[in-house]
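Colleague: Just so you know, we're using my numbering here: the sequence shown kicks off at 633 and counts up by one.
I'd like to ask some things about the structure below.
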Amino acid sequence: DASGTRWQMVLPVDEISIPDSLQALLTARVDRLDEVARHVLQFASVAGRSFYYRVLELALEREIDLDEQLRVLQRAGLILEAARVPELEYTFRHALTQEAAYRSILRRRRREMHGRVAEILESLFTDRLDEFAPRLAHHFDEARDPRAVAYYLRAGDAALRLYANDEAVAHYNRALEVARRPGVEAPPWKRLFLGRGRALELSSRYEEARDGYLEAEELAQGLGDRDLELAVLVASATIHASPTAVHDVLTAQDLCDRALLLARELGDREAEARILWNLLLLHERSGRADQALIHGEESLALARELGSRELLAFTLHDLAQVYLDVGQVARGRAVLDEARALWEEMDNRPMLADNLTNLTLFSTFTGDYDQAIRVSDEAFALSQSIDNLWGQAYSRMYVGLAHHARGDLGRALAVMQECIRLAEEAGFVAPLLVTRSDLALVYGDLGQVDRGLELVRLSLTAPSVHMHLWWNWAFIRMAELYLLKGDHSGAEAILTQIQRDLGDHLALFTPLILSFEPKLALAQGEYARAEALAGRYRTMEAWGLHAFVPELLCYLGRALLAQGRGDEAHAALDTARRRAEALGARNVLWPILAGLAETAAQAGDGNGADDLRAQAVAILGYIADHAGSDELRASFLAQARVRALLEA
633 DASGTRWQMV LPVDEISIPD SLQALLTARV DRLDEVARHV LQFASVAGRS FYYRVLELAL
693 EREIDLDEQL RVLQRAGLIL EAARVPELEY TFRHALTQEA AYRSILRRRR REMHGRVAEI
753 LESLFTDRLD EFAPRLAHHF DEARDPRAVA YYLRAGDAAL RLYANDEAVA HYNRALEVAR
813 RPGVEAPPWK RLFLGRGRAL ELSSRYEEAR DGYLEAEELA QGLGDRDLEL AVLVASATIH
873 ASPTAVHDVL TAQDLCDRAL LLARELGDRE AEARILWNLL LLHERSGRAD QALIHGEESL
933 ALARELGSRE LLAFTLHDLA QVYLDVGQVA RGRAVLDEAR ALWEEMDNRP MLADNLTNLT
993 LFSTFTGDYD QAIRVSDEAF ALSQSIDNLW GQAYSRMYVG LAHHARGDLG RALAVMQECI
1053 RLAEEAGFVA PLLVTRSDLA LVYGDLGQVD RGLELVRLSL TAPSVHMHLW WNWAFIRMAE
1113 LYLLKGDHSG AEAILTQIQR DLGDHLALFT PLILSFEPKL ALAQGEYARA EALAGRYRTM
1173 EAWGLHAFVP ELLCYLGRAL LAQGRGDEAH AALDTARRRA EALGARNVLW PILAGLAETA
1233 AQAGDGNGAD DLRAQAVAIL GYIADHAGSD ELRASFLAQA RVRALLEA
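Okay, structure coming up:
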């Protein structure tokens, strides 16, 4: 280690292989000790790499001058004093010495000694059993004592509370192995399987979590344990309904149906509420927001009635996005805030980070870009602190849109690329589809349309076979790229496909579609239709989705201008400017200013037109300077729509 006094082992002592010559040398050193010193050293080797004086003193079965024997071992260079407070503690100078002493003990005797050490630790540290649970589990395990199961389970629970997820999984796995030994009393299977499953989920090991729940379901059916079967059906449904590497709508629906039937047979109302929450997740991600809302509000009412704070928090948390889908933004924000207060009270850091990311989404869609960026950073830092890769990826999933809207396109690229990298590592599917297609659009806005099209096509290869409705997020980005490329018919074909697929469903990406439709109509010269479609800005305003209002007003102004209605066009564009300036939305502000310059020129106000164009050009300069690289700066400035303004 850093002090140079201790070796650090990466394997248990009985798994380390020592060359025969070295093994013989070390064994000879142990054998040269007198019988009493050797006995003390052997018991110390069982106690551990480091060992407490009190434990060794109580473990030795006969009267021994322990202080003298420890001095002998120190003079021989075999052990050294490690600490005096809070306990007098010694450590082996070398791990290999510990192993040599340990291997010199007969196997049956080792088991007896491990059992003795375990019982002493248990009696000495009754108020610190969580802390000592890993040691106790190890010693009882080596003693072939069934009490090992309870301590492995306790160690797993303690590690899970500290977000030491890999360590928790290892403890739970060992508990399962010991529990399967003949004659061992059955452990609390539900606590064991659900704890291991949650630790695997927090480590983004979703395939292993799924397999573990299947294992538990088979065990439950074999034992006739319907309570365990119900619990694992619900847990399994959650990971299949959520955007994980095992997301599967059909499997999730089947699990929910089976679980709901079983919960009602057993009269388990809390499980019923959890299943209703799972159905909320399933329907929201399938574009059936109306059904998601029904199930979510049923779950919410039941959770409040039962006083289940955790379930209440989960349901509030996910209802927020459903309310966003259906345009009840204020209601969504209220339940999201209520959920966050509960996560803070319960110190549930993974869900607190998740909640902050959802707040990032709300803030982005409502146009509060500063808040979006701030809470995304909070969510990322929190997820980092608990080594939650899924949470780190999710924290970056939407915030790139805020940077994009502000004209910080280079920063948007950076956070989106970071999100995709983390999502690939975590097995988190949604960003590979959603964020990668957003990244494609940013490249398109920077003049690299073909690069964007390559990326959006790549996004559609993400392992999202059961998230087909969400392909429309990528398709709408593809349509925007086709429009940037000047391929109006290609863009229209994709939009028609999206409309056919979506039908009357409402989804998170619905505002993206509502904003694109008038843009396409305008490009196709269908000005009256574009005017009607752009009038949806009133709907966006009523819903509280202020981020989409300036863009729609810009299209409205453009459509009116094309129809020779200059005064109306100026009014719409001027409102758009004020809204965009209030939001700090540079990416839409410069075309709004360009449109206002045209209305001023048509009205004969040459000076006003020049001033408006100068403002637009200044924003173009900002965007170019924040493009992320010289190459991207050049491709942005080379676009015909940009050059037209710069050369006017």
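We treat Cβ as the ideally placed atom computed from N, Cα and C, and that holds for glycine.
Please determine whether the Cβ atom of L1277 lies at a distance below 7 Å from any heavy atom of the ligand ZN.
Modeller: Although the ligand ZN was asked about, the structure shown includes no ligands whatsoever.
Colleague: In angstroms with no decimal places, state the Cα-to-Cα distance between R776 and G815.
Modeller: As a position in the sequence shown, residue 776 is number 144, starting the count at 1. As a position in the sequence shown, residue 815 is number 183, starting the count at 1. The straight-line gap from Cα to Cα measures roughly 11 Å.
Colleague: Should Q948 go down as buried or exposed, given a rule of 16 or more other Cβ atoms within 10 Å for buried?
Modeller: Sequence index remark: in the sequence shown, residue 948 carries index 316 (1-based). With the sequence shown as reference, residue 948 is identified as Leu, and Gln is not the correct amino acid for it. Buried: at least 16 other Cβ atoms inside 10 Å.
Colleague: Where do the N-terminal and C-terminal ends of the beta strand (DSSP E) with F1060 fall, by residue?
Modeller: Here residue 1060 refers to the residue found at position 428 of the sequence shown. Taken as a continuous stretch (DSSP letters only), F1060 belongs to no beta strand (DSSP E), as it is neither H nor E.
Colleague: Give the single residue among D1206, I1145, L865 and G1039 whose Cα lies nearest to the Cα of D1257.
Modeller: By 1-based counting over the sequence shown, the position of residue 1257 is 625. Here the closest residue by C-alpha is G1039.
Colleague: With C-beta atoms as the reference, is L912 less than 8 Å away from G928?
Modeller: Along the sequence shown, one-based indexing puts residue 912 at 280. Along the sequence shown, one-based indexing puts residue 928 at 296. Yes. Within cutoff.
Colleague: Any chance you could list the beta strand (DSSP E) runs of at least 3 consecutive residues sitting entirely within the region 867–917, in chain order?
Modeller: With a minimum length of 3 residues, no continuous beta strand (DSSP E) run stays inside the region 867–917.
Colleague: Taking only the alpha-carbon atoms, compute the straight-line gap between L892 and A905 and give it to the nearest angstrom.
Modeller: As a working mapping, residue 892 is identified with position 260 in the sequence shown. As a working mapping, residue 905 is identified with position 273 in the sequence shown. Approximately 9 Å between the Cα atoms of the pair.
Colleague: Return the bridge partner residues of R920 from the DSSP annotation.
Modeller: For the purposes of this step, residue 920 is taken as the residue at position 288 of the sequence shown. For R920, which the question treats as bridged, DSSP gives the partners L1138.
Colleague: Between the region 729–743 and the region 754–767, do three or more beta carbon pairs fall short of 8 Å?
Modeller: Segments in contact, no.
Colleague: At what residues does the alpha helix (DSSP H) containing L1078 begin and finish?
Modeller: Position 446 of the sequence shown, counted from the first residue, corresponds to residue 1078. Taken as a continuous stretch (DSSP letters only), L1078 belongs to no alpha helix (DSSP H), as it is neither H nor E.
Colleague: Just the Cα atoms here: how many angstroms apart are L720 and R686?
Modeller: As a first step, residue 720 is located in the sequence shown; it is residue number 88 there, counting from the start. As a first step, residue 686 is located in the sequence shown; it is residue number 54 there, counting from the start. Using only the alpha carbons, I get a separation of about 8 Å.
Colleague: DSSP state of A863, grouped into three classes?
Modeller: Here residue 863 refers to the residue found at position 231 when the sequence shown is read from its first residue. Three-state DSSP puts A863 in a helix.
Colleague: Give the DSSP-derived three-state secondary structure of F683 in the structure shown.
Modeller: Taking the sequence shown and counting its residues from 1, the one referred to as residue 683 is at position 51. If DSSP states are grouped into helix, strand and coil, F683 belongs with the strands.
Colleague: Nearest to N797 by CA position, among A727, P982 and W909, is which residue?
Modeller: Here residue 797 refers to the residue found at position 165 when the sequence shown is read from its first residue. The option with the nearest alpha carbon to N797 is P982.
Colleague: Which same chain residues end up closer than 6 Å to V1097 when comparing Cβ atoms and leaving out the 5 residues on each side of it in sequence?
Modeller: Taking the sequence shown and counting its residues from 1, the one referred to as residue 1097 is at position 465. With a pLDDT of 46 at V1097, under the threshold of 50, the modelled position of that residue is not reliable, and the figure given next carries that caveat. Hits under 6 Å: none found.
Colleague: For A848 and V1061, what's the separation of their Cα atoms in angstroms?
Modeller: As a first step, residue 848 must be located in the sequence shown, where it is residue number 216. As a first step, residue 1061 must be located in the sequence shown, where it is residue number 429. So the two alpha carbons sit approximately 26 Å from each other.
Colleague: Measuring CA to CA, which of S868, T989, R661 and L690 is closest to D889?
Modeller: As a first step, residue 889 is located in the sequence shown; it is residue number 257 there, counting from the start. That would be S868, whose Cα lies nearest to the Cα of D889.
Colleague: Take every Cβ of the region 985–1002, pair it with every Cβ of the region 1158–1171, and state whether three or more of those distances are shorter than 8 Å.
Modeller: Cβ pair count under 8 Å is below three, so no.
Colleague: Please name the residue or residues paired with I711 in a DSSP beta bridge.
Modeller: In the sequence shown, residue 711 corresponds to position 79, counting from 1. Answer is F724.
Colleague: If you drop the 5 nearest sequence neighbours on each side, which residues of the same chain put their C-beta closer than 8 Å to that of P820?
Modeller: The sequence position of residue 820 within the sequence shown is 188, counting from 1. Cβ within range, chain order: L785.
Colleague: Here's a check: name, in chain order, each residue in its chain whose Cβ is nearer than 8 Å to the Cβ of R1265, leaving out the five neighbours to either side.
Modeller: Taking the sequence shown and counting its residues from 1, the one referred to as residue 1265 is at position 633. So the list reads A1256, D1257 and A1259, once near-sequence residues are dropped.
Colleague: Ordered along the chain, which non-local residues of its own chain (more than five positions away) have a Cβ less than 8 Å from that of V810?
Modeller: On the sequence shown, residue 810 is found 178 positions in, with the first residue counted as 1. Excluding sequence neighbours, V810 sits near D773, P778, A780, V781, Y784 and V816.
Colleague: Are L968 and A952 closer than 8 Å when you measure CB to CB?
Modeller: For the purposes of this step, residue 968 is taken as the residue at position 336 of the sequence shown. For the purposes of this step, residue 952 is taken as the residue at position 320 of the sequence shown. It is a contact, given that the beta carbons lie within the stated cut-off.
Colleague: Taking just the CA atoms, how far does M978 sit from V668?
Modeller: As a working note, residue 668 is residue 36 in the sequence shown. As a working note, residue 978 is residue 346 in the sequence shown. Those two C-alpha atoms are separated by around 53 Å.
Colleague: Go ahead and pull the three-state DSSP assignment for D1123.
Modeller: Counting from one through the sequence shown, the residue named residue 1123 turns up at place 491. Just to set this straight, residue 1123 is Ala in the shown sequence, not Asp. Note: A1123 maps to helix in three-state DSSP.
Colleague: Buried or exposed for D859, please, with buried defined as at least 16 other CB atoms from any protein chain shown within 10 angstroms of its CB.
Modeller: The residue you call residue 859 lines up with position 227 of the sequence shown. It is exposed - the Cβ of D859 has fewer than 16 other Cβ atoms within 10 Å.
Colleague: On a Cα-Cα basis, can you pick out the residue from M1029, Q706 and I1126 that is closest to L673?
Modeller: Here residue 673 refers to the residue found at position 41 of the sequence shown. Comparing Cα positions, the closest option is Q706.
Colleague: Can you tell me where the alpha helix (DSSP H) holding I1018 begins and where it ends?
Modeller: Here residue 1018 refers to the residue found at position 386 when the sequence shown is read from its first residue. Unbroken run through I1018: none, as it is neither H nor E.
Colleague: Hey, out of L688, L728 and R716, whose CA is closest to R661's CA?
Modeller: By 1-based counting over the sequence shown, the position of residue 661 is 29. Nearest C-alpha to R661: L728.
Colleague: Could you check the C-alpha separation between Y1030 and F997 for me, to the nearest Å?
Modeller: In the sequence shown, counting from the first residue as 1, residue 1030 sits at position 398. In the sequence shown, counting from the first residue as 1, residue 997 sits at position 365. Using only the alpha carbons, I get a separation of about 10 Å.
Colleague: Taking C-alpha atoms, which residue in E693, G709 and L688 lies nearest to D699?
Modeller: Locating residue 699 in the sequence shown gives position 67, counting from the first residue. The shortest C-alpha separation from D699 is found at L688.
Colleague: What does the alpha-carbon distance come out to for the pair A1037 and H879?
Modeller: Counted from its first residue, the sequence shown places residue 1037 at position 405. Counted from its first residue, the sequence shown places residue 879 at position 247. Using only the alpha carbons, I get a separation of about 31 Å.
Colleague: Is the CB of R837 under 8 Å away from at least one CB in chain B?
Modeller: In the structure shown, chain B cannot be found, because there is only a single protein chain.
Colleague: So, are the CB atoms of A714 and S755 less than 8 Å apart?
Modeller: Sequence index remark: in the sequence shown, residue 714 carries index 82 (1-based). Sequence index remark: in the sequence shown, residue 755 carries index 123 (1-based). No.
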